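Colleague: Chains as they are written, first to last, in this note's numbering: chain A, 1 to 287; chain B, 288 to 574; chain C, 575 to 861; chain D, 862 to 1148.
Note that beta-carbon positions come from the ideal geometry of N, C-alpha and C, so glycine has one too.
Every value quoted in this text rests on a predicted model; they were computed, and no experiment measured them.
Pasting in a structure now, in structure tokens, and then I'll have a few things to ask.
4 protein chains.
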Amino acid sequence: MATPKPTAILLVSCPDQRGIVAALSTFITRHNGNIIALDQYVDVEEGVFFARMEWELDGFAFPLDRFAEQFDPVAQPRRIAWSLHRSDQRLRMAVMVSKQAHCLYDILARYESGEWPVDIALVLSNHEDHRGLVERHGIPFHCIPVTAAAKAEAEAKQIALLQSAGADFVVLARYMQILSPAFVQAFPMRILNIHHSFLPAFAGANPYRAAHDRGVKIIGATAHFVTEKLDEGPIVEQDVIRVSHRQGVDDLVRLGRDLEKIVLSRAIYWQLQHRLLVYKNRTVVFA
Amino acid sequence: MATPKPTAILLVSCPDQRGIVAALSTFITRHNGNIIALDQYVDVEEGVFFARMEWELDGFAFPLDRFAEQFDPVAQPRRIAWSLHRSDQRLRMAVMVSKQAHCLYDILARYESGEWPVDIALVLSNHEDHRGLVERHGIPFHCIPVTAAAKAEAEAKQIALLQSAGADFVVLARYMQILSPAFVQAFPMRILNIHHSFLPAFAGANPYRAAHDRGVKIIGATAHFVTEKLDEGPIVEQDVIRVSHRQGVDDLVRLGRDLEKIVLSRAIYWQLQHRLLVYKNRTVVFA
Amino acid sequence: MATPKPTAILLVSCPDQRGIVAALSTFITRHNGNIIALDQYVDVEEGVFFARMEWELDGFAFPLDRFAEQFDPVAQPRRIAWSLHRSDQRLRMAVMVSKQAHCLYDILARYESGEWPVDIALVLSNHEDHRGLVERHGIPFHCIPVTAAAKAEAEAKQIALLQSAGADFVVLARYMQILSPAFVQAFPMRILNIHHSFLPAFAGANPYRAAHDRGVKIIGATAHFVTEKLDEGPIVEQDVIRVSHRQGVDDLVRLGRDLEKIVLSRAIYWQLQHRLLVYKNRTVVFA
Amino acid sequence: MATPKPTAILLVSCPDQRGIVAALSTFITRHNGNIIALDQYVDVEEGVFFARMEWELDGFAFPLDRFAEQFDPVAQPRRIAWSLHRSDQRLRMAVMVSKQAHCLYDILARYESGEWPVDIALVLSNHEDHRGLVERHGIPFHCIPVTAAAKAEAEAKQIALLQSAGADFVVLARYMQILSPAFVQAFPMRILNIHHSFLPAFAGANPYRAAHDRGVKIIGATAHFVTEKLDEGPIVEQDVIRVSHRQGVDDLVRLGRDLEKIVLSRAIYWQLQHRLLVYKNRTVVFA
């Protein structure tokens, strides 16, 4: 596979208005950008326009550090909120994990085999269990135990480590501690969590036990951005698997592990590709 | 397709115990019954044994009206709860419906085309809308308006009609009224409902609106037995379909209709085949 | 639900080229069209651009009968192939059916309940079985028996009936005869078929028997446009259901019926909404 | 989780006959075996009976090395074919892999985390690429290059290594060489393969390319036992994922990797639990 040509990726949202697609696409085209992907979506109910545009950097009329200045005359009058990304700039991801390692294994396998264009800046855990696993991949591992009494202190350490490592976003790969609002606010819409149920069903602890006791015929897993409200952040991806009365709680846990790792990895992939937009506690996924 | 030979179907549950399968299968075999299907399941956690046995009536040692007397020496010491059914005895089903007709259409199509071995005893509605549709199938239709003030009276009429029509079970095919505990108690574990969400998520009214606002990536439908607690009865079947940010509430309603009719029809099919057992608010589905 | 405002829908395909989105969206915007949906897709491998644009007719600068003339200066130099449709113009659909009626029932239910904005121009069958079912919906029914000897003659009658009824497209709702190339050429990419397997697996006759004998763990159904090669036309939609060794051929047939009717109906819905483009024996579905 | 009590697992198949379940369950019960699971299935069409019985070894009347002698009077007259297994006896699995490592990673992660009760006897590859990955798990790795000219010689080495390592079964985890009939015959119904398509669609090489060119809307993966006919062995498990025109071949490959590893791992899990029976090129999966 040849290395793909580097591209710029622009994510925008703004009040829906006449001519918005024309304005955006004309801006890029006029500056000699070859648009290779344009996804747009209008939430008619809310009157909001969203788009993701990707164009080749090769031949584009000006360097991207001048984008803001050039784009401002288009963006300002239309009240466009936007972010700009480069496909040739690898994101730095941090991973937080507790004792269960299936999501961590899956992430590390994709990392080691080069499936994802990502750097793993560090792995944080509240247990020592997976130090060897992480360090054999050459990734820094920090164990910060979390106790009820010293939670604030622990989180302060975590935040400092994440920031000094330059983490662009954080993945909770079955990290079994609830993050404080202060932690969440330090990384707004930059923390992805995997919850082991089909949210909003079975939020909180022990979802497989709860699913079993309710007698559901399908179980699920949910990747979402973390907000201050536990398990209520914007959903990025979900998937499910059929179960029957024959499956005990242990079976649900076993089947669920595969769901969790796949669902989380899909969410990470989209994050790496700048395909996620958030509004009103929902996501637009330009998959 | 040749008419299948008539069979007896025995559903049993009892405390799990050594030798229970041997005792049951030996009883049938000893009386010259040719077992054509035996499904069994042990809930290890609860210590409960469940089974469904089906054998050919042809050549069986005694007529089924003597089954209780013959089976008692096996059942009594083992505390077996059981029910006996005949495959050549068509069940009588009642349907209750409000304005939305997609489930009713689906049921009537299966009825008219002979897909199900069932008699539809009657259709009850709180609206006149579907009288023509029902009556053209030669099925009695009764419109009983339900108002908050006269609900008890309306339900009394409904119960009387259901009982005098000899309904073996009742299907709520998008019947948009909440049944009182008295109504439910008149047909214990004999009322199947279709709820237009993936329960326990989005119980109650307007689940598609709620699903949209929560931003789920998959929606579902749930068939369940009705108990006194709204939308909390034992789940019989569920299915789901993937959605995205692009689907508005109207789209969810449209996609959901197909889920609802298929999920409800699967539950009815199993009910007609005596494949459902209920315990502890869960179902065993010997599908 | 308020009646939605009438819209124009433009389907385009052309060689991929710089500025194509800008050119299209600017054309509509310049003529005062409020774009409410724009889906576009570039097949990078083939170098082909596809789009579906929908805008409100209200306030658009010129009547649609002048569209060709106005759009020509945009389309011609870019070698754009296009078709234009109006959301307020109901399509006329023809249905062909043999003995199995589950898809027909499903179509008629959606028709009668007003789910689809469609007129059913007529139903053709090679059997009399469903005359009553069709005619009670006020739809013309024609029975044209098809024999090997007189197939050409039968098809000539069918084509004449379809053309004189002004059918915009034809749905084969489990029509069990193979259409001749001449028939197919009379309605190019305007015949939708439902095949009762997950194509390309089990093309041809008796797919459920073949699926059972192969021991697959999942069965499917496929809606596709009909071309001269049997079961090889462009696929519009597929769906599947899990099965196990417990399901005999009869069970697969039963489960498959529900797949078939849902899959076919999704394809029809997209056809009615002008969401389908065909190229190189594949479809672009702007769902 | 407490260690489960050791059990015996009996797999049987025989001509269907009256009293077979009673005979089997009575035999175990009479010898004081506490049956904790009994799955049975009758293929009515073929007239074959299949069962899987699991009972606790604790308290069973005789040691399992005397099972054949004791069971013979039951088995012989009924022409029962059977195999006996112990839950406390870990199987020895061999893995064969080429360059693509996603299935290997998944297997090793389950192995290292103790998800499966299995010993990995060795890993064979025709490339050196994954030596480090395998050896860091303490598993012997052998690289045996395979050329068209020296294929027989290479296979002889592989067979010798597999046999001397005492491999109970072999997993082809994306091993990209076709095994000769001689190889297959050395491990009859003991080689599990993952094929990267929804068989029987797209057998052979480059299935994702073929799926893309055919324009399917769903892709799949298939785990099957290897027989002498390429990609035609008994299917153990399949799963699928929805795709659209937007996914190029590279996307299908990426999405397919996750399918492949999950589907293969499910098949391995059932193999480890002695839940698979094969007949007439189909499988019975007592999942």
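(1) From the DSSP output, which residues share a beta bridge with Val979 of chain D?
(2) Under 9 Å between the Cβ atoms of His224 of chain A and Pro234 of chain A?
(3) What are the boundary residues of the beta strand (DSSP E) that includes His372 of chain B?
(4) Any beta carbon of chain A sitting closer than 9 Å to that of Leu486 of chain B?
(5) At a CB-CB cut-off below 7 Å, which residues of chain C make contact with Ile35 of chain A?
(6) Since I believe Val458 of chain B is in contact with Ile323 of chain B (beta carbons under 8 Å), could you give me their beta-carbon distance rounded to a whole number of angstroms?
(7) Does the beta carbon of Ile836 of chain C sit closer than 9 Å to a beta carbon anywhere in chain B?
(8) Kindly indicate if chain D contains any beta-carbon less than 9 Å away from that of Tyr105 of chain A.
(9) Whose CA, out of B:Leu325, B:Gly320 and B:Ile307, lies closest to the CA of Ala574 of chain B?
(10) In chain order, what residues of the same chain lie with their CB nearer than 7 Å to the CB of Val852 of chain C, ignoring the 5 residues before and after it?
(11) Taking any Cβ of chain D, which residues in the segment 134-159 of chain A have a Cβ under 8 Å from it, in chain order?
(12) Starting from Phe428 of chain B, follow its DSSP beta bridges and name the residues at the other end.
(13) Nearest by alpha-carbon distance to Asn568 of chain B: which of B:Leu391, B:Leu448, B:Lys516 and B:Gln558 is it?
(14) Does the Cβ-Cβ distance between Ala94 of chain A and Leu179 of chain A come in under 9 Å?
(15) For the beta strand (DSSP E) containing Arg296 of chain A, list its first residue and its last residue.
(16) Would you identify the three-state DSSP class for Arg529 of chain B, choosing helix, strand or coil?
(17) What residues in the segment 87-117 of chain A have a beta carbon less than 7 Å from any beta carbon of chain C?
(18) Excluding sequence positions up to five away, which residues of its chain have a Cβ less than 7 Å from the Cβ of Asp1092 of chain D?
(19) Measure the alpha-carbon distance for Val329 of chain B versus Trp916 of chain D and round it to whole angstroms.
(20) Starting from Pro302 of chain B, trace the beta strand (DSSP E) both ways and give me its first and last residue.
(21) Once you ignore the five residues that flank Asp877 of chain D on each side, which residues in its own chain have a CB closer than 7 Å to its CB?
(22) Is any beta-carbon of chain C found at less than 9 Å from that of Met288 of chain B?
(23) Measure how close the beta-carbons of Met1037 of chain D and Ser974 of chain D come, nearest whole angstrom, since I'm counting them as under 8 Å.
(24) In the DSSP assignment, what are the bridge partners of Glu515 of chain B?
(25) What residues in its chain sit with their C-beta under 7 Å from that of Thr7 of chain A, if we drop five residues either side in the sequence?
(26) For Glu907 of chain D, which of helix, strand or coil comes out of DSSP?
(27) In this structure, how does DSSP classify Glu442 of chain B when only helix, strand and coil are distinguished?
(28) Compare the C-beta of Asp258 of chain A with all C-beta atoms of chain D and state if any pair is closer than 9 Å.
(29) Out of B:Pro468, B:Pro432 and B:Ala408, which has the shortest C-alpha to C-alpha gap to Gly453 of chain B?
(30) DSSP on Phe743 of chain C, reduced to helix/strand/coil?
(31) At the 9 Å Cβ level, is Arg418 of chain B part of the contact set with chain C, yes or no?
(32) Which of the three DSSP states, helix, strand or coil, is assigned to His102 of chain A?
(33) Can you check whether the C-beta of Arg282 of chain A is within less than 9 Å of a C-beta belonging to chain B?
(34) Of all the residues that make up the segment 235-251 of chain A, which are near chain B by a beta-carbon distance shorter than 7 Å?
(35) Does the beta-carbon of Asp72 of chain A have 16 or more other beta-carbons within 10 angstroms, so that it is buried, or is it exposed?
(36) Determine the DSSP secondary structure at Thr316 of chain B, reduced to helix, strand or coil.
Modeller: So, from the listed chains and residues:
(1) Here the question's residue 979 of chain D lines up with position 118 in the fourth sequence. Bridge partners of Val979 of chain D: D:Leu952.
(2) The residue labelled residue 224 of chain A in the question sits at position 224 within the first sequence. The residue labelled residue 234 of chain A in the question sits at position 234 within the first sequence. Their beta carbons are under 9 Å apart, which means His224 of chain A touches Pro234 of chain A by this criterion.
(3) Position 85 of the second sequence, counting from 1, holds the residue named residue 372 of chain B. Taken as a continuous stretch (DSSP letters only), the beta strand (DSSP E) holding His372 of chain B covers Ala368 to Arg373.
(4) In the second sequence, counting from the first residue as 1, residue 486 of chain B sits at position 199. Output row for Leu486 of chain B: interface = yes.
(5) Position 35 of the first sequence, counted from the start, is the residue given in the question as residue 35 of chain A. Going along chain C in sequence order, the residues near Ile35 of chain A (Cβ under 7 Å) are Val595.
(6) Indexing the second sequence from 1 puts residue 323 of chain B at position 36. Indexing the second sequence from 1 puts residue 458 of chain B at position 171. 28 Å between Cβ atoms; not a contact.
(7) Along the third sequence, read from residue 1 onward, the residue named residue 836 of chain C stands at position 262. So yes, Ile836 of chain C belongs to the interface.
(8) Counting from one through the first sequence, the residue named residue 105 of chain A turns up at place 105. Interface residue, yes.
(9) As a position in the second sequence, residue 574 of chain B is number 287, starting the count at 1. Per the Cα distances, B:Leu325.
(10) What you label residue 852 of chain C is simply residue 278 of the third sequence in a count that begins at 1. The answer, listed in chain order, is Met763, Phe799 and Pro808.
(11) Arg136
(12) Taking the second sequence and counting its residues from 1, one reaches residue 428 of chain B at position 141. Answer is B:Val410, bridged to Phe428 of chain B.
(13) Looking up residue 568 of chain B in the second sequence gives position 281. Of the listed residues, the one whose Cα sits closest to Asn568 of chain B is B:Lys516.
(14) Against the first sequence, residue 94 of chain A aligns to sequence position 94. Against the first sequence, residue 179 of chain A aligns to sequence position 179. No.
(15) The requested residue 296 of chain A is not part of the displayed model; chain A covers only 1 to 287.
(16) Taking the first residue of the second sequence as position 1, residue 529 of chain B is located at position 242. Here DSSP, grouped into helix, strand and coil, assigns Arg529 of chain B to strand.
(17) Along the segment 87-117 of chain A, none of the residues has a CB nearer than 7 Å to a CB of chain C.
(18) Within the fourth sequence, residue 1092 of chain D is the residue found at index 231, counting from 1. Only His1056, Leu1060, Ala1064 and Gly1065 meet the Cβ criterion.
(19) Your numbering for residue 329 of chain B matches position 42 in the second sequence. Your numbering for residue 916 of chain D matches position 55 in the fourth sequence. Cα to Cα, the separation comes out at about 12 Å.
(20) As a position in the second sequence, residue 302 of chain B is number 15, starting the count at 1. It spans Thr294 to Pro302 - the beta strand (DSSP E) in which Pro302 of chain B sits, taken as one unbroken run.
(21) Here residue 877 of chain D is taken as the residue at index 16 of the fourth sequence, counted from 1. Taken in chain order, the residues that qualify are Val903, Gly908, Val909 and Phe910.
(22) Taking the first residue of the second sequence as position 1, residue 288 of chain B is located at position 1. Because the pLDDT at Met288 of chain B is just 46, under 50, the model does not fix this residue reliably, and the point stays unresolved.
(23) Residue numbering aside, residue 1037 of chain D sits at position 176 when the fourth sequence is read from its first letter. Residue numbering aside, residue 974 of chain D sits at position 113 when the fourth sequence is read from its first letter. Contact doesn't hold; Cβ gap of about 27 Å is too wide.
(24) Sequence index remark: in the second sequence, residue 515 of chain B carries index 228 (1-based). Under the DSSP definition of a beta bridge, Glu515 of chain B lacks any partner.
(25) Within the first sequence, residue 7 of chain A is the residue found at index 7, counting from 1. Around Thr7 of chain A: Ile36, Glu54, Trp55, Glu56, Leu57 and Ser87.
(26) Residue 907 of chain D sits at position 46 when you count from the first residue of the fourth sequence. Here Glu907 of chain D sits in coil by DSSP.
(27) In the second sequence, counting from the first residue as 1, residue 442 of chain B sits at position 155. In this structure, Glu442 of chain B counts as helix in the three-state DSSP scheme.
(28) Along the first sequence, one-based indexing puts residue 258 of chain A at 258. Yes, contact with chain D.
(29) Along the second sequence, read from residue 1 onward, the residue named residue 453 of chain B stands at position 166. Comparing Cα-Cα distances from Gly453 of chain B to each of B:Pro468, B:Pro432 and B:Ala408, the minimum goes to B:Ala408.
(30) What you label residue 743 of chain C is simply residue 169 of the third sequence in a count that begins at 1. Reduced to three states, the DSSP call for Phe743 of chain C is strand.
(31) Sequence index remark: in the second sequence, residue 418 of chain B carries index 131 (1-based). By this cut-off, Arg418 of chain B is not an interface position.
(32) The residue you call residue 102 of chain A lines up with position 102 of the first sequence. Of the three classes helix, strand and coil, the one that applies to His102 of chain A here is helix, per DSSP.
(33) Taking the first sequence and counting its residues from 1, the one referred to as residue 282 of chain A is at position 282. Yes, because at least one Cβ of chain B sits closer than 9 Å to the Cβ of Arg282 of chain A.
(34) Ile235, Glu237, Gln238, Val240, Ser244, His245, Arg246 and Gly248
(35) Residue mapping note: residue 72 of chain A aligns to position 72 of the first sequence, counting from 1. Flag for Asp72 of chain A reads exposed.
(36) Along the second sequence, one-based indexing puts residue 316 of chain B at 29. Three-state DSSP puts Thr316 of chain B in a helix.
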